[in-house]
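Taking our numbering, the leading residue of the sequence shown gets 26, the next gets one more, and so forth.
Here a beta-carbon is modelled for each residue, glycine too, at the ideal position from N, C-alpha and C.
Quick caveat: nothing in here was measured; it's all calculated off a predicted structure.
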Amino acid sequence: MILTHMKSYKSRHSKKRGLAKLDCYCENKVFNKLEYLSEIAKGMKNIESSFTKKLFKKYGIRIILFFLPFLLGTIYPLLFIKDHEVIKMCKFDCDKHSGSGNETHIATYYKSPFKKETWEIIEKLYPVFYYIFGIIVLSVIIYSFIKVMKYKKLKRGKR
Numbered sequence: 026m027i028l029t030h031m032k033s034y035k036s037r038h039s040k041k042r043g044l045a046k047l048d049c050y051c052e053n054k055v056f057n058k059l060e061y062l063s064e065i066a067k068g069m070k071n072i073e074s075s076f077t078k079k080l081f082k083k084y085g086i087r088i089i090l091f092f093l094p095f096l097l098g099t100i101y102p103l104l105f106i107k108d109h110e111v112i113k114m115c116k117f118d119c120d121k122h123s124g125s126g127n128e129t130h131i132a133t134y135y136k137s138p139f140k141k142e143t144w145e146i147i148e149k150l151y152p153v154f155y156y157i158f159g160i161i162v163l164s165v166i167i168y169s170f171i172k173v174m175k176y177k178k179l180k181r182g183k184r
């Protein structure tokens with residue numbers, strides 16, 4: 026059943042428009058990857074550890090790079106949120122870093138390469154990018170899960 030579904034891709038894809046065409050294209054990509062992984066699993070006679078190693082070797086870097094911005098976005102507030110910051114920084118145009126008599130301030134705070142206005146922009150844009158990326162990641166995970174379920178149903182011949 027899955028083979029006939031995958032072979033009829035061109036005729037289904039050419040009839041669709043807009044988002045339906047994009048969905049058809051993405052579904053085909055996901056099904057091809059799942060079929061490839063299925064063939065690898067059959068070839069390795071379902072040896073779990075070697076299959077996992079081969080899977081991580083092929084897709085590990087992509088997965089890490091995909092989630093890296095999200096992880097960095099999680100680390101940012103821990104390091105730089107006001108009053109609870111781990112790395113204490115003062116702005117580039119801080120007056121306490123120039124002159125003498127401010128040794129405790131210089132020893133405690135690092136001088137940032139950004140001006141105060143730049144930090145304010147970063148602090149306002151950070152949540153926007155973080156939440157947008159979170160929504161994108163969640164959408165990709167949900168979409169992939171739905172397509173994996175559809176693939177399994179087609180593989181069993183129920184659809």
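Annotated as proximal: Lys116 and Lys141, with beta-carbon spacing under 8 Å. As summarised for the region 70-144, the continuous alpha helix (DSSP H) elements at least 4 residues long and confined to that stretch are 73-105, 128-133, given in chain order. Counting along the chain, Gly43 sits inside no alpha helix (DSSP H), nor does DSSP assign it H or E at all. Restricting attention to Ile166, Asp118, Val162, the CA atom closest to the CA of Thr143 is found in Asp118.
With at least 16 other beta carbons inside 10 angstroms of its own, Tyr176 counts as buried. Contact annotation: Leu93 and Leu80 have beta-carbon atoms that are not nearer than 8 Å. The Cβ atoms of Phe158 and Gly98 lie closer than 8 Å to each other. Within the same chain, Asn127, His130 come within 6 Å of Lys121 by CB-CB distance, once the 5 residues on both sides are set aside.
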